[in-house]
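What follows is a short report on a single structure.
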């Protein structure tokens, strides 16, 4: 089937590439000429495991192409997916101008029936607004359907999530586009849930908010564990064995970050407020997440006493492992907090240093963890990269001024690190 994806960010590029891998004829559209030129030259603007090879193989097979021409995209795809950014506004609500702009552009180019699919994470009732915009700006008066089809991809394993989805949500205003959407997703062999559009839009925000709630719950428990000398990992392992709860997203650490959870929770709170409901539970989730980073900084201050002029090595700048995304990264926020206290930071990340560089102009970015540790009064693990589990900590200890290690992701074994001679401090253990 001929499909068009408008937007080539994390959502659009991964979605389009995986559709092509399943045999569809995909045209990806973006209004950024530099990004399209990069993709056409075979370069990938984001780091996502497995994505680069899939892009190259599907471009070679002529199932995947890139253009800046929205009208060409509208002509190409019987189904048009909107995957453009939906950034937060200062009040936490969602900035919808990119979605609205695409709806207008698609409407202006439509000359025959099309299915327009909201793939971006959008507030409830967006589908109705998109339909109104298309109807208003489509001078040809052609028929169309709007569908809500939220994505559930996790950065760092987005390709796997898209290729092997747990469920596919299709929100519709009528049954007319359902058969086509089933055909689009037939190669993925996953359960398809058909709902009304408003319910589909709520499912996405509700899912992300609940996952963030689990993370904040684990972090709140970690404070109790530290106060009672319990072990947070043993506690959440025991909780997670209850199949009604599950172990996923119960890891204590520096808190959640990235491009989705902070934005989506703020948006969901704002959506609820607009609908007349004060979502105090999610406001508390936000507060716990903010407090968690502050508590970690205080533990560093309590251990090192004065941070002014201390040299601190930070391993990890991405908001999580297997991505180069530093948006709302707790690691970046931690570095900024330490710098505010006068510390000198030497940092290393396997993938995210170039994207972090503009955010951290006064940080020394190092080529490897050992170089970051050289002369350091302390080291912090701020992102849970597997690479950091297998470091030669004996060598790292030998180049540090003082062998003090703060593990913000509970990545290492406390007994092992203490036997190596480190003063080792983790979260809730």
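Residue numbers (the numbering used here): 325 to 753.
Every residue gets a Cβ at the ideal spot worked out from N, C-alpha and C, and that includes glycine.
The bridge partners DSSP lists for residue 388 are 350. Apart from the 5 residues on each side of it in sequence, residue 617 sits with its Cβ closer than 8 Å to the Cβ of 578, 579, 654, 657, 658 and 661 in its chain, given in chain order. The Cβ atoms of residue 388 and residue 338 do not sit closer than 7 Å to each other.
By the CB criterion at 7 Å, residue 725 and residue 636 fall outside the cutoff. For residue 326, the beta-bridge partners assigned by DSSP are 349.
The beta-bridge partner set that DSSP reports for residue 405 consists of 329 and 441. Exclusion of the five residues before and after residue 354 leaves 332 and 360 as the residues of its chain whose Cβ lies within less than 6 Å of its Cβ. Distance from the Cα of residue 529 is smallest, within the candidate group 484, 410, 623 and 629, for 410.
The alpha helix (DSSP H) runs of length 4 or more contained entirely in the segment 561 to 627 are, from start to end of the chain, 585 to 598. Take residue 506, set aside five residues on each side of it, and the residues of its chain with a beta-carbon closer than 7 Å to its own are 516, in chain order. Within the segment 666 to 708, the runs of alpha helix (DSSP H) at least 4 residues long that lie entirely inside it are, in chain order, 677 to 680 and 693 to 697. Per DSSP, residue 637 is not a residue of any alpha helix (DSSP H); the beta strand (DSSP E) it occupies stretches across 635 to 639.
Exclusion of the five residues before and after residue 594 leaves 416 and 417 as the residues of its chain whose Cβ lies within less than 6 Å of its Cβ. If you look at residue 531, you'll find it in the alpha helix (DSSP H) that goes 521 to 552. Counting of Cβ neighbours within 10 angstroms places residue 344 among the buried residues, the total reaching 16 or more.
Judged by beta-carbon spacing, residue 671 lies within the 7 Å limit of residue 689, meaning their Cβ atoms are closer than that value. Around the Cβ of residue 490, a 10 Å sphere holds fewer than 16 other Cβ atoms; the residue is exposed. With a beta-carbon spacing of about 15 Å, residue 732 and residue 700 fall beyond the 8 Å limit used to define contacts.
With contact defined as three or more Cβ pairs closer than 8 Å, the segment 374 to 384 and the segment 418 to 426 are not in contact. The Cβ-Cβ distance between residue 495 and residue 470 does not fall below 7 Å. Taking the Cβ atoms as the reference, residue 576 lies roughly 12 Å from residue 554, outside the contact range of under 8 Å. Residue pairing for residue 472: DSSP places it in a beta bridge opposite 442 and 495. Put simply, the backbone Cα of residue 498 is about 27 Å away from that of residue 588.
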